[in-house]
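Since the structure comes first, as structure tokens, the remarks are kept for the end.
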Amino acid sequence: MDLTSSMTLQQYHEKALKEGWAIGHFNVSNLEQIRAIVEAAATLKCPVLIGTSEGERKYIGPRQAAVVVKSLRQETGLPVFINADHSKSVESAKAAVDAGYDSIHIDLSALPYEENLKGTKEVVEYAKSKVYSDIGEIHVEGELGLLLGESKIQKEVIEVNPEQFTKPEEAHEFVEKTGIDRLAPAVGNIHGIPANVKTIDIELIKTIRKHMASKTGLTLHGASGISDDQIIGAIKAGVNNIHINTEIRVAYVNALKKSLEENPEETTPYKLYSSVIAAVRHKVEEKLRLFGSINRV
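Plus 1 on top of the position in the sequence shown (first one is 1) and you've got my numbering.
Below, the structure written as structure tokens:
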């Protein structure tokens, strides 16, 4: 497939919203995870976003990660895009733009509203000044509201405060003034998998969606550990991009431990990793089916 004439990331987001499904976003920290995600996307014919946080980018190398994903996109013809997840500063976001990322998540949600708005707008303007011929404009996501937790299994209970959720009217203003393509709201979602059951506010998602233009994407972060029913409810309410990280990490680590235990004499890394890639691929395929994104390419 000639990607210069295929759909852009923005077009896929609009298609997902119109048809009632969500694009899967999966975080990675090595080549094995990238391979697993691309293999899953190829099997199920899905568009996907591959994400790297600041820590993951530092480990892989931002330019290296971007080049690998771009090469796989060109080689397979699949709409596989790379996103700079949770860029915590304007400088970090701009560096990801310069490294060749298709999508930038600028997360200044810990700052006061006006500072968040100003910094996010600066990133949008910088990103939109760069154009890559095979994907069109760089997509930019902003974040509003407070998301707690970390991308891991957590032993403690994490209580969310509705006062820190995203306010619909503020979300509308934020999108209009910054020019972002996607909004990541706080709706009860938590990063990682806490000891307590995660519950998201579906009605709030519906209200936020009503305040958004039809072209604006709505992202659900911290989806690991959220029940299937709530994920489906979020998609019906207007979410069209869903982030999974912790469940991918758990699948990877558990499979690697098992592989090492079952092959104590093996010293060839790629032989140890075949079952690990398969485990991650299986988890990604499970999520892509849940998101309704199969056969959308």
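Built from N, CA and C at the ideal position, the CB exists for glycine as well.
Within 8 Å, strictly: CB atoms of residue i and residue j
i	j	result
valine 91	valine 124	yes
serine 48	tyrosine 102	The question names serine, yet the displayed sequence has proline at residue 48. It is not a contact, given that the beta carbons lie outside the stated cut-off.
leucine 221	alanine 187	no
alanine 85	arginine 58	yes
serine 54	isoleucine 83	no
leucine 79	valine 298	yes
isoleucine 38	valine 277	no
valine 281	glutamine 34	yes
lysine 216	glutamate 15	yes
histidine 140	arginine 183	yes
leucine 110	glutamate 164	Here residue 110 turns out to be serine, not leucine, going by the sequence shown. No; because the gap between Cβ atoms is not below 8 Å, this pair is not in contact.
lysine 207	leucine 118	no
alanine 224	isoleucine 233	no
glutamate 142	lysine 129	no
isoleucine 295	leucine 45	yes
lysine 131	valine 161	no
phenylalanine 166	leucine 205	yes
Residues bridged to residue i [DSSP beta-bridge criterion]
i	result
alanine 85	Thr53 and Ile105
leucine 221	Ile243
phenylalanine 292	DSSP output for phenylalanine 292 lists no bridge partner at all.
histidine 26	Leu50 and His244
isoleucine 206	In the DSSP output, where bridge partners are listed per residue, isoleucine 206 has none listed.
arginine 183	Glu142 and Gly218
8 Å contact criterion, which residue i and residue j should meet: CB distance rounded
i	j	result
leucine 289	aspartate 229	13 Å between Cβ atoms; not a contact.
alanine 96	proline 63	7 Å
alanine 42	valine 70	At roughly 11 Å, the Cβ-Cβ gap does not stay under 8 Å, so alanine 42 and valine 70 are not in contact.
threonine 121	isoleucine 107	5 Å
asparagine 190	isoleucine 201	5 Å
isoleucine 249	glycine 293	Actually they are not in contact, since the Cβ atoms of isoleucine 249 and glycine 293 sit about 19 Å apart, beyond 8 Å.
isoleucine 51	valine 68	So it is not a contact: roughly 13 Å between Cβ atoms.
Check: residue i C-beta below 7 Å from any heavy atom of the ligand MG
i	result
glutamate 164	Summarising the ligand content, the structure contains no ligands, and the ligand MG is consequently not present.
- Message: Using 8 Å as the cut-off, can you tell me whether the segment 260-273 makes contact with the segment 235-250, which would need three or more C-beta pairs spanning the two stretches below that distance?
- Response: no
- Query: Do the segment 242-254 and the segment 199-212 make contact, defined as three or more Cβ pairs closer than 8 Å?
  - Reply: no
- Ordered list of alpha helix (DSSP H) runs contained in the segment 244-286, each at least 4 residues: 247-263
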